[in-house]
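Here's the structure we're looking at; comments come further down.
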Amino acid sequence: MSNRTINLLVPVVSVILGLIVGAIIMLISGFDPIAGYMALWSGIFGDLYTMGETIRQITPYILAGLAVAFAFRSGLFNIGVEGQLIVGWFAAAYVGIAVELPKVIHLPLAILAAAVAGGLWGFVPGLLKAKFHVHEVIVTIMMNYIALHTTNALIKTVSGGGDRTEQIFASASLRSEFFANLTDFSRLHYGILVAVVMVAIMWFVLDKTTLGFELKAVGFNHNASQYAGMNVNKNIILAMVISGAFAGLGGAMEALGTFQYVSAKGGFTGIGFDGIAVALLGMNTPLGVVFGAVLFGSLKYGALNMPNAAGIPIEIVEIVIAVIIFFVASGYVIRLLLQRAAIKKEAK
Amino acid sequence: MSFLEVLYFIVPSAIFYAAPLIIVAIGGVFSERSGVVNIGLEGLMVIGAFIGILFNLFFADTFGNATPWLALVAAMAAALLLSLLHAVASISFRADQVVSGVAINLLAIALALYLVKKIFGKGQTDFITERFGRYNVPFLQDIPVIGPMFFKSIYNTSILAIGIAILAWFVIYKTPFGLRLRSVGEHPMAADTMGINVSKMRYIAVMISGALAGVGGAIYAQTISGDFGHATINGQGFMALAAMIFGKWHPLGAMGAAIFFGFAQSLSIAGPSIPYIQEIPSVFLLILPYVLTILALAGFIGRANAPKASGKPYIKGNR
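Residue numbers (our numbering), protein chains in the order written: chain U, 105 to 452; chain W, 333 to 651.
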């Protein structure tokens, strides 16, 4: 087996193992795994409405996955996607409420605000990493909590003491009558197009521009990039800002597409953390992220059908996702086993 | 309220909130000192809290007053088992330690909620009946000023936490085991050359961190929340991680930082009834621990250096 096949097989094997572990847990706790997975399936593909909602769920997952993957390619681990997404959500909703403008200006402005807010939230850990060599993982975790509490306080101020803001103006909305009619009035919105464009942009930046080359070089080896005359610090900061901007856009999808408002949160949305899973499964490539987002977004949305149809708590899917990450992270062992299996086959 | 009354109120409450943070942060110190980053502290705390509450609910009739303490033991065992998963992934399978920690966090909260729904048929458990008691320290409570502040009606979990911190300091800095632990985290190859079993030391350290995180989670659930639901732990594990860094990877430093964070937490809850403090918007108190941690890391509050080999899997024969 070539290295390439093995690299592709690791995520596939991980997903299969994750689903098997999920089935075993359902069996042990007295549920029927086949009924469970059937309910999951129909929760994803059941009818036009669920399919529309599944695609809607996939949209922010693509952007969160891109954010994590982009930072990863530059050698940075952005756990702060969650926080960047939250500030992006707030910024987009705020612009959507604060002013009323023609749609051609308002919508792009609201989307841009989200990207800028997310980018700023990524700028802080990037700057600290570049200037003070502070590990970005801890800073981004802390930034998540700062984002959560700060936006909650801001929402309270903006809404005059309430828990959620008003609806955004229609001129800032991503809602799509066309998609809604197509999918039996699901909340599917134009955001999916934004996400697909971003996938293309990430591919283009990483693979076709000098900037992308430098970012990847810094990711592989700081010192070598420095000797080659690249500005390592600038690239680190830039990578975090772009990554944060992707995450902020993910928040804009929720603000302008799905919910049309922003509400105070008791805890995290979880989209940012699942973005880590999406990026890992997609091996940090733009196309891989799409596959990862489709898988995890579908699982996440389909799971909502499991309590009704099969009486199984939705958390089973979270367990499956966690196990998949665990196996992808332990890819070294899977790789070893696959290689051994291949050698044995050749010996025969 | 007079200034002294405010202190009498806020100091015990700070220590009360700090107790679980101290214990979990000490767990983090053990793990990171051996060179294994443990982002999974949050998840380990979740499992500790869940098992602690579960044990308390099921066995309160059998064990009576001793239930919370026995629940701690059960929680410790459960979190230790879960931490083994992190150990296997990050030490033997050479996984990225941060990724494996993230997986532990996701797995723990999902598994706990899954079981809660399976057992109780709803999103959170019932409230426990047996809680940790309060306790007056004889003689010391009569000292003026300090007595009411530190020794009157304090939770015995606070005493346990401070005891664990001092014990951890002794183990890490005054015993051969501690020296080996630190050497494995600073320069595993040198340690290996000197005949120290790097993998074994790291396994032990991660298991200690798991056990302590479980205890911390169970204490949090049985003193502060009283039940278990999706928002019970909500970031306490990350706060402990922050305390560990703010305390510069030193057990007593971590304890100090945890008490300070406990102070900030109790201020953000009790603040509205205290003069002067009530004028500060509570959001500033809420984000204070996180901002301070970032400042500490950036070197604004003295240099904080992580153990050198922290986060890197040790592969024999690699330079």
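Quick reminder that beta carbons are idealized off the backbone N, C-alpha and C, glycines included.
Contact with chain U is found for Leu-439 (chain W), since one of that chain's Cβ atoms lies less than 9 Å from the residue's Cβ. Not one beta carbon of chain W lies nearer than 9 Å to the beta carbon of His-326 (chain U). The beta carbon of Ser-363 (chain W) sits no closer than 9 Å to any beta carbon of chain U.
The C-beta of Thr-254 (chain U) comes closer than 9 Å to at least one C-beta of chain W. Selection U:Lys-338, U:Leu-292, U:Asn-325, U:Ala-368 evaluated against Gly-265 (chain U) yields U:Ala-368 as nearest (Cα-Cα).
Using beta-carbon distances, Ser-598 (chain W) does not count as an interface residue toward chain U, since no partner is under 9 Å. Among the CB atoms of chain W, none fall inside 9 Å of the CB of Tyr-405 (chain U).
From the listed residues W:Tyr-535, W:Phe-362, W:Ala-543, the smallest Cα separation to Leu-584 (chain W) is found for W:Phe-362. Contact of Asn-566 (chain W) with chain U is assigned, a C-beta pair being separated by under 9 Å.
Close to Asp-428 (chain W), with beta-carbon spacing below 7 Å, are these residues of chain U in chain order: Ala-433.
Here the C-alpha atom of Gly-569 (chain W) lies approximately 36 Å from the C-alpha atom of Leu-442 (chain U).
Under the 9 Å criterion on CB atoms, Phe-425 (chain W) is classed as interfacial with respect to chain U. The residues Gly-184, Glu-186, Gly-187, in chain order, have a CB closer than 6 Å to that of Asn-248 (chain U) in the same chain once the five nearest residues on each side in sequence are set aside.
The beta-carbon separation of Phe-350 (chain U) and Leu-167 (chain U), rounded to 5 Å, stays under the 8 Å limit for a contact. Here Tyr-340 (chain W) is not bridged, per DSSP, to any residue. Just so you know, the alpha carbons of Gly-415 (chain U) and Pro-480 (chain W) end up roughly 53 Å apart. If you draw a straight line from the Cα of Ile-486 (chain W) to the Cα of Ile-504 (chain W), it comes to about 28 Å. Listed in chain order, the non-local C-beta contacts of Lys-640 (chain W) below 6 Å within the same chain comprise Glu-518, local neighbours out to five positions each way being set aside. Under DSSP, the beta-bridge partners assigned to Tyr-467 (chain W) are W:Ile-486. Within chain U, Phe-236 have C-beta atoms less than 7 Å from the C-beta of Gly-631 (chain W), given in sequence order. Of W:Tyr-646, W:Phe-390, W:Phe-387, W:Asn-488, the smallest CA-CA separation from Ile-528 (chain W) is found for W:Tyr-646.
When only Cα atoms are considered, Ser-402 (chain U) and Leu-413 (chain W) end up about 31 Å apart. Taking a Cβ-Cβ cut-off of 7 Å, the neighbours of Ser-432 (chain W) in chain U comprise Phe-430, Ala-433, given in sequence order.
Taking a cut-off of 8 Å on C-beta distances, the region 281-298 of chain U touches the region 355-364 of chain U, as three or more cross pairs fall below it.
By the CB criterion at 9 Å, Gly-433 (chain W) and Ala-410 (chain W) fall outside the cutoff.
Residue contact check for His-582 (chain W) against chain U: no CB pair falls below 9 Å.
Per the Cβ contact rule, the region 127-136 of chain U is not in contact with the region 319-333 of chain U (fewer than 3 Cβ pairs under 8 Å). Under a 10 Å Cβ-count criterion, Thr-313 (chain U) is classified as exposed, with fewer than 16 other Cβ atoms of the shown protein chains found around its own Cβ.
For Ala-563 (chain W), the closest of U:Val-336, U:Phe-372, U:Val-366, U:Gly-355 by C-alpha to C-alpha distance is U:Phe-372. DSSP links His-293 (chain U) through a beta bridge to U:Arg-279. For the 9 Å CB-CB criterion, Gly-226 (chain U) and Met-344 (chain U) form a contact. C-alpha of Met-576 (chain W) to C-alpha of Gly-379 (chain U): approximately 27 Å in a straight line. Contacts between Ile-619 (chain W) and chain U, judged by CB atoms closer than 8 Å, involve Tyr-249, Ile-250, His-253, Thr-254 in chain order. Looking at the DSSP output, Arg-268 (chain U) shares a beta bridge with U:Ser-367.
About 6 Å separates the beta carbon of Phe-174 (chain U) from that of Met-306 (chain U), a gap short enough to meet the 8 Å contact definition. With respect to the 9 Å criterion, Ala-383 (chain U) and Val-172 (chain U) are classified as neighbours on the basis of their beta carbons.
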